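Asker: Numbering (this note's numbering), first residue to last: -19 to 632. Would you mind keeping the following structure in view while I ask a few things?
Structure, rendered in structure tokens:
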């Protein structure tokens, strides 16, 4: 979900407009337009837990928020933001997503979910041969590709070496290196037709020829095995990029690994030194994950290579940095009920959607009545020029005398004219085709699917009150987001002069606390830390101290050099802010001594250092003035009798 949608749902969840009501239910009017008590009640009850201020958790206090919200909606319509193209597209996208909840055939979905779960319990290892063939290739090119895969299939069935056939026939990129082997895969990891073929072929057998969007495939199934379970691990991480604290990340991770091998508790080292702060404070523990969940193959492969709980792997490098990994626990495979919801989402959004679409179309046709008309191909093959293959077709209107019905759904006729407009509006978005007839047929299928769904959705807001409520809530929420974005957030970001003036006016609010430029030395052995303290008092520098203390390949002390505010967690608690060498502080199993090289007194932060915070505060000031202007622009009249009634009902 994008940021815009998230803000809309968080801020405006729960609001929806009332239906026709009696005049006595009017709570207030904005420029004589009525707002009903039932509107307020529904918003108040739904959003009460989101309200932070205690003073706003009663009717009188919340009324101000409610009026402000209604004023923003009113202003959004006044600025015609409901006609903005981006708004229309965003609203339609959400409308499409929501409508699917009401349009899906539950029996088909349930069958596909059970199938996917059963398959997910097993992983398949297979070799395959691919002959490339685009779905819109010319008939002659398609026949050529099919003949080639057919020839390979016959040889494979007759027992010829499959690896040799891969070298001879496969057009898959990288086939020579992989020898056609796909590794292990399970449900949802391959396109659906390919997955169907794999799971319907026995070990050691050659599959039937299978057509996908990539071309023609044949498979040889090598092995089936139970799917790997989810695991839980802890890690200590050092980022790959250089920073002020140390120069060599690999050297640092090896130092930490050496400490653990010398007996330091894994959790203590993670808390003290891991740069993944989110897990470091928990002793390095990650959330439980399964194969593919982390999108970090090197890390996952390393984690799954650990056999025993508690075993610690030597440092490995991933795309994100260096890690020391410890296996905490291996889990059993979740039950069907535990995975059902997640699998259902994948079924609705993945390659199985074609099966779902067919079921949806059948449901709509049955509900409203459907009748097929004339074929689109003969007329449109002549009407549309070959230039559409290059997305450069010039639209010409179809006359009413030529117009015919392609199909009828309910009381709606889909005609030649409708399809011609669809071609005009969508030709820029279509993929590359070699054959015009294939293009027209594919676009016609899309046109028919969308027409049937749109017919259903247009009636959904009338026929289903729950849907109408939710969609109206989102409609208004999106408008409020847009009106605030236009009048507040974007103004704050683009008014550079106003922003700088605001900073100058309020810069005393942005100050550094007292800061310390320090070298921090930590060891789990108090006697080691005392040695460091003595060396520091003798004037030794960091580099020499590390050489003396970390001798014979042992990592006895870990160092950090940086500038920290006095209350940052990196500094020991109770540290006195004076230049020189500190006393020894104990924390999380480590003993720390600090050399304070410089004490930096509190001073103003430069604008560039606090730009984000200044923008946020600038937005708050702009919003305050903008809301004052809306209250002046619109006449708000409150019905005190209705308000008193609400207080009696909701405040008790």
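Just so you know, even glycine gets a beta-carbon here, dropped at the ideal spot from N, CA and C. In this text, all values refer to a predicted model and were calculated from it rather than measured experimentally.
(1) Under 8 Å Cβ to Cβ from residue 261, same chain only, skipping five residues before and after it: list those, please.
(2) Using three-state DSSP, classify residue 558 as helix, strand or coil.
(3) Measure the Cβ-Cβ separation of residue 512 and residue 556 and say whether it is below 8 Å.
(4) Looking at C-alpha atoms only, which residue of 292, 386, 600 is the closest neighbour of residue 354?
(5) Could you tell me if residue 139 is buried or exposed, where buried requires 16 or more neighbouring beta carbons within 10 angstroms of its beta carbon?
(6) So, helix, strand or coil for residue 459, using DSSP?
(7) Please return the same chain residues whose Cβ sits closer than 6 Å to the Cβ of residue 3, not counting the five positions on each side in sequence.
(8) For the putative contact between residue 552 and residue 565, defined by C-beta atoms under 8 Å, what is the C-beta separation to the nearest angstrom?
(9) Where residue 113 and residue 425 are concerned, what is the direct C-alpha to C-alpha distance, given to the nearest angstrom?
(10) Mind checking whether residue 307 and residue 288 have CB atoms under 8 Å apart?
(11) Quick one: give me the first and last residue of the alpha helix (DSSP H) that residue 341 is part of.
(12) Please confirm if the segment 97 to 114 is in contact with the segment 199 to 211, defined as three or more CB-CB distances below 8 Å between the two stretches.
(13) Excluding five sequence neighbours on each side, which residues of the same chain lie with their C-beta closer than 6 Å to the C-beta of residue 615?
(14) Using DSSP bridges, identify the partner residues of residue 125.
(15) Could you pull the DSSP bridge partners for residue 190 from this structure?
(16) Within this structure, are the beta carbons of residue 459 and residue 61 separated by less than 8 Å?
(17) Please state the DSSP three-state secondary structure of residue 425.
(18) Which runs of the beta strand (DSSP E), 3 residues or longer, sit entirely within the segment 5 to 53?
(19) Decide if residue 536 is buried, meaning its Cβ has at least 16 other Cβ atoms within 10 Å, or exposed.
(20) Please name the residue in 309, 232, 242 whose C-alpha comes closest to that of residue 267.
(21) Look at the alpha carbon of residue 214 and the alpha carbon of residue 199, and state the distance between them as a whole number of angstroms.
(22) Within 10 angstroms of its Cβ, does residue 241 collect 16 or more other Cβ (buried), or is it exposed?
(23) Residue 383 and residue 396 - do their beta-carbons sit closer together than 8 Å?
(24) Taking only three categories from DSSP, how would you classify residue 3?
(25) By how many angstroms is the C-alpha of residue 530 removed from the C-alpha of residue 523?
(26) Starting from residue 162, follow its DSSP beta bridges and name the residues at the other end.
(27) What are the boundary residues of the beta strand (DSSP E) that includes residue 216?
(28) Please determine, among 99, 375, 509, the residue with the shortest C-alpha to C-alpha distance to residue 528.
(29) Verify whether the separation of the beta carbon atoms of residue 313 and residue 209 is less than 8 Å.
(30) Tell me which residue opens and which closes the alpha helix (DSSP H) that residue 328 is part of.
(31) Tell me the DSSP secondary structure of residue 301 in three-state form.
(32) Can you give the Cα-Cα distance for residue 1 and residue 18, rounded to whole angstroms?
(33) Give the secondary structure of residue 232 by DSSP, where H, G and I count as helix, E and B as strand, and everything else as coil.
(34) Ignoring anything shorter than 3 residues, give me the beta strand (DSSP E) runs that lie fully in the segment 80 to 155, in order along the chain.
(35) Would you identify the three-state DSSP class for residue 639, choosing helix, strand or coil?
(36) Can you have a look at residue 375 and say buried or exposed, based on whether 16 or more other CB atoms are within 10 angstroms of its CB?
Answerer: According to the structure data:
(1) Excluding positions up to five away in sequence, the list reads 251.
(2) coil
(3) no
(4) 386
(5) exposed
(6) helix
(7) Model confidence at residue 3 stands at a pLDDT of 47, short of 50, so the residue's coordinates are unreliable; what they give is reported in the following sentence. The answer is none, since no qualifying residue turns up.
(8) Rounded, the Cβ-Cβ distance is 4 Å, consistent with contact.
(9) 21 Å
(10) yes
(11) Run containing residue 341: 333 to 348, per the alpha helix (DSSP H) assignment.
(12) yes
(13) Taken in chain order, the residues that qualify are 11.
(14) Answer by DSSP bridge pairing: none, since residue 125 is not bridged.
(15) 197
(16) Yes.
(17) The answer is helix: DSSP assigns residue 425 an H, G or I state.
(18) DSSP runs (the beta strand (DSSP E)) wholly in the segment 5 to 53: 6 to 10, 13 to 16.
(19) buried
(20) 309
(21) 39 Å
(22) exposed
(23) yes
(24) Note that residue 3 has pLDDT 47, beneath the 50 cutoff, so the model's placement of it is unreliable and no number is given.
(25) If you take the alpha carbons of residue 523 and residue 530, they lie about 11 Å apart.
(26) According to DSSP, which records beta bridges pairwise, residue 162 is partnered with nothing at all.
(27) 211 to 219
(28) 509
(29) yes
(30) 316 to 329
(31) strand
(32) Confidence in residue 1 is poor, its pLDDT being 42 and thus under 50, which makes the residue's placement too unreliable to answer from.
(33) helix
(34) Complete beta strand (DSSP E) runs here, min 3: 102 to 112.
(35) Nothing about residue 639 can be reported from this structure: the residues present for the chain run from -19 to 632 only.
(36) exposed
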